[in-house]
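Residue numbers (numbering that gives the first Met the number 0): 0 to 146.
Virtual Cβ for every residue (Gly too), placed ideally from N, Cα, C.
The structure presented is a predicted model; accordingly, all values stated were derived computationally and were not measured.
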Amino acid sequence: MTRRTLVVTFVVALVVIGAVAVFLLRDNHGVTDASTSSSAAAPSSTSAPPPLTKEQATTLCENLTSGSEDRLRQAIAISPDQPLDAGAAGQLASITSLELDLSTFRLEPDGSAKVTARSTGAAAAVWTVSLVAVDGQWRISRTEAAP
0 MTRRTLVVTF
10 VVALVVIGAV
20 AVFLLRDNHG
30 VTDASTSSSA
40 AAPSSTSAPP
50 PLTKEQATTL
60 CENLTSGSED
70 RLRQAIAISP
80 DQPLDAGAAG
90 QLASITSLEL
100 DLSTFRLEPD
110 GSAKVTARST
120 GAAAAVWTVS
130 LVAVDGQWRI
140 SRTEAAP
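Printed below as a string of structure tokens:
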């Protein structure tokens with residue numbers, strides 16, 4: 000398999016894992032947004048979640064591509080009890096350059112957000128990344144290939 004095929008395969012797997020995690024977390028009230036947050040760090044019910052900052056975007060990308068399962072879990076919206084594919088962190092670590100384009104960040108009516116991600120190099124690709132606020136922090140809930 001080519002590196003691009005591996006990355007695309009993993010992204011699809013991440014989408015499925017993210018969707019399951021969001022479903023499970025929403026049922027357990029673990030995912031927060033402007034209407035359900037009770038955390039002091041999260042926005043109040045009368046305001047929209049804050050935009051994604053450059054620092055948060057950089058940390059998300061670094062955690063996602065770190066090669067560490069613990070850091071990967073900090074980047075994605077997943078239950079602590081949800082197992083990850085054994086090779087997930089390693090496959091994502093093969094992405095040498097990943098950037099979230101803050102100019103594309105947009106809040107959705109449900110309190111989630113979307114932003115465009117780009118990787119460069121041999122496995123260059125563009126994705127639409129869906130984010131949810133978990134304990135006041137943006138986390139990746141799913142990805143899909145950008146049109």
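Can you name the residues that DSSP bridges to residue i?
i           : result
residue 113 : 105 and 129
residue 59  : Beta-bridge pairing links residue 59 to no other residue.
residue 75  : 139
What separation, rounded to the nearest whole angstrom, lies between the Cα atoms of residue i and residue j?
i           : j           : result
residue 123 : residue 80  : 32 Å
residue 98  : residue 56  : 8 Å
residue 133 : residue 62  : 15 Å
residue 69  : residue 50  : 25 Å
residue 78  : residue 105 : 25 Å
residue 126 : residue 67  : 22 Å
residue 137 : residue 121 : 28 Å
Measure the beta-carbon distance from residue i to residue j and round it to whole angstroms, keeping in mind my assumption that it falls under 8 Å.
i           : j          : result
residue 71  : residue 83 : 7 Å
residue 119 : residue 96 : 4 Å
In the DSSP assignment, find the unbroken alpha helix (DSSP H) run with residue i in it and report its ends.
i          : result
residue 92 : 87-92
Counting contacts by CB-CB distance shorter than 8 Å, is residue i in contact with chain B?
i          : result
residue 93 : In the structure shown, chain B cannot be found, because there is only a single protein chain.
In the DSSP assignment, find the beta strand (DSSP E) that holds residue i and state where it starts and stops.
i           : result
residue 136 : 136-144
* Using 8 Å as the threshold, is the stretch 105-125 in touch with the stretch 81-91, meaning 3 or more CB pairs across them? -> no
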